[in-house]
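Be aware that the sequence shown starts at 16, since it is given in this note's numbering, and climbs by one per residue.
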Amino acid sequence: MRRFTALFALALSALVYAQDGSSSIPPKIAPEEYRERREKLMEKLNDGVVLIEADPLLAGASGIDANTPRFDYTYLTGYHRKGDVLALIPSLKKSILFSEEPEEAKRQAGMKDVMSREKLEEFLKEITPAASVFHTRLRKEAKELVEKVAEEISATVKSAGRVINREITRMRMIKSPAELALMRKASDATNKAHLAAMKACKPGMNEGELQEIIEKTFKSEGCDGLSFPSIVGSGKNGTVLHYMKNNREVPPNSLVVIDIGSSIYGYVTDITRTLPTSGKFTQEHRAAYEVVLEAQKAAEAILKPGVTFGRLERAARKVFQDRKRTDWSYAHTTAGGPRHGLGHFVGMAVHDSGEYGRPLAPGMVITIEPGYYNVRDGYGIRIEDIYVVTETGFERLSDGSPREPDEIEKMMAN
Ligand code: GLY
Ligand code: MN
Ligand code: MN
């Protein structure tokens, strides 16, 4: 199945890309695929009724940040409205969405069985005794309702949040051909935006002007949003993680970190390039840049199924250590504390759901993004690429953004 997925995805990418190198817009995830996702989950939770509530997208549970919205519910339904409830009945291979706004849900959701949220109680009473166990991932109000009904009809309620989350995460980690096509499209548009930024970048312009050029490119390529707020950090702003002000004049003979990603139909990308603001790297900047690139390539060299994020990190870290760049380098601030990880899963969210300790497998999409942050001298360097893990290694979706220093200089001279 996994081999099939990777091969099919490769064939699809050949079809999607037009001859001039620009890509057409791939289709949205089809209702059929949403159904398959729900059925796959039902194979794991195969008795009773499974009840899953749509969480707030950005709830503040640990590990959830603005880059990590909770898209589990959307992944199953193609729709999200906080408080809506999805009911799965494995014995009937059936699913029903109970929505506060059923008409809107009917228009947008990737499923046809939609009912008013008010009907949930009636449904629960009617579905027994066909299903006398309720496996739930519900918040307070819905949970109380289900418990009340369960008591009335002598059904059992089992809290299944952990199992449900784990199974959805495992499904989300392996991208389908349709998901990969969307991520390829988002990456392709982002590569074009990087090229546009390389051609436009000049000292004296505002970081915001570069942001505008980038986001205009996303739009003209047919993308419908941002993966995260664009980061255009020149000089010392390049040492600030998640810098978003983008309002400073770009200084000469410095560097600018451009960390950007577009989105299309709910799928995103994440690509960073660091440019010499005057078009040529200074000797100092080039030396540091080459270490970061070498660290990235060291991790890339071992990227294939079976490898873990831990091993990728160690490979990159060894380069920084060998090159004696440990004081300001990746994963360490000047104070010695951790700065950011080497990479992460990408998908519906830029920091996507994933089991970070487990070996990587074909169909997973990750970034590798070593950085070097020289706070004292006021510049940052980050190189971030995005990869699909394949049967034999990887495919780099960010190939269209030059990362070799000579190539960047050449592009900037154009
Ligand atoms: N742009 C967010 C990240 O690189 O993880
Ligand atoms: Mn990233
Ligand atoms: Mn990024």
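Every residue, glycine too, gets a C-beta built ideally from N, C-alpha and C.
Environment of residue i [buried if 16+ CB atoms lie within 10 Å]
i      : result
Glu119 : exposed
Ser249 : buried
Arg199 : buried
Asp337 : exposed
Glu384 : buried
Arg332 : buried
Ala45  : exposed
Leu412 : buried
Asp128 : exposed
Arg373 : exposed
Minimum C-alpha distance to residue i - residue among the options
i      : options                           : result
Glu227 : Ile275, Ser202 and Gly253         : Ile275
Val105 : Ile142, Phe409 and Glu406         : Before going further, note that residue 105 is Pro rather than Val in the sequence given. Nearest C-alpha to Pro105: Ile142.
Arg52  : Lys295, Val361, Ala193 and Arg122 : Ala193
Gly325 : Gly358, Leu91, Ile179 and Lys217  : Gly358
Ala165 : Arg122, Gly63 and Lys108          : Gly63
Ile423 : Ala124, Leu308, Thr89 and Pro320  : Leu308
Leu290 : Arg354, Leu375, Arg340 and Val247 : Val247
Asp392 : Thr89, Ser269, Leu210 and Ala196  : Ser269
Arg283 : Val148, Leu318, Ile401 and Gly408 : It is Val, not Arg, that sits at residue 283 in the sequence shown. Nearest of Val148, Leu318, Ile401 and Gly408 to Val283, Cα basis: Ile401.
Cβ-based neighbour list, residue i, same chain, cut-off 6 Å, excluding 5 preceding and 5 following
i      : result
Arg418 : Ile398
Phe113 : Val100, Met130, Arg132 and Leu135
Ile8   : This structure does not reach residue 8, given that the chain is present from 16 up to 429, and the question cannot be answered.
Gly176 : Arg152
Met259 : Pro244
Leu60  : His150
Phe360 : Asp367, Gly369 and Ile381
Gly480 : Beyond the ends of the chain as shown, which are 16 and 429, falls residue 480; an answer cannot be given.
Leu139 : Val164
Gly395 : Gly253, Thr254, Val272 and Tyr388
Tyr94  : Ala120, Gln123 and Ala124
Residues near residue i in its chain [Cβ-Cβ closer than 7 Å; skip 5 each side]
i      : result
Glu116 : Arg96
Cys238 : Ala201, Ala204, Ser277, Ser278 and Ile279
Glu315 : Ile383
Ala157 : Glu68 and Val100
Asp414 : none
Counterpart residues of residue i in DSSP-defined beta bridges
i      : result
Pro291 : Leu270
Leu112 : Leu101 and Val129
Ser355 : A quick correction: the sequence has His, not Ser, at residue 355. Answer is none; His355 lacks a bridge partner.
Tyr388 : Gly395
Gly248 : Val272
Lys173 : His150
Nonlocal neighbours in the same chain, by C-beta distance under 8 Å from residue i, ignoring five residues either side
i      : result
Arg154 : Glu68, Asp70 and Gly98
Leu56  : Val65, Leu91, Leu103, Ile179, Glu182, Ile183 and Met186
Arg263 : Asn221, Glu222, Ser249, Gly250 and Asn252
* Asked: Around ligand 2, what residues have a beta-carbon under 6 Å from a heavy atom of it, in chain order?
  -> Asp285, His359, Thr382, Glu384 and Glu399
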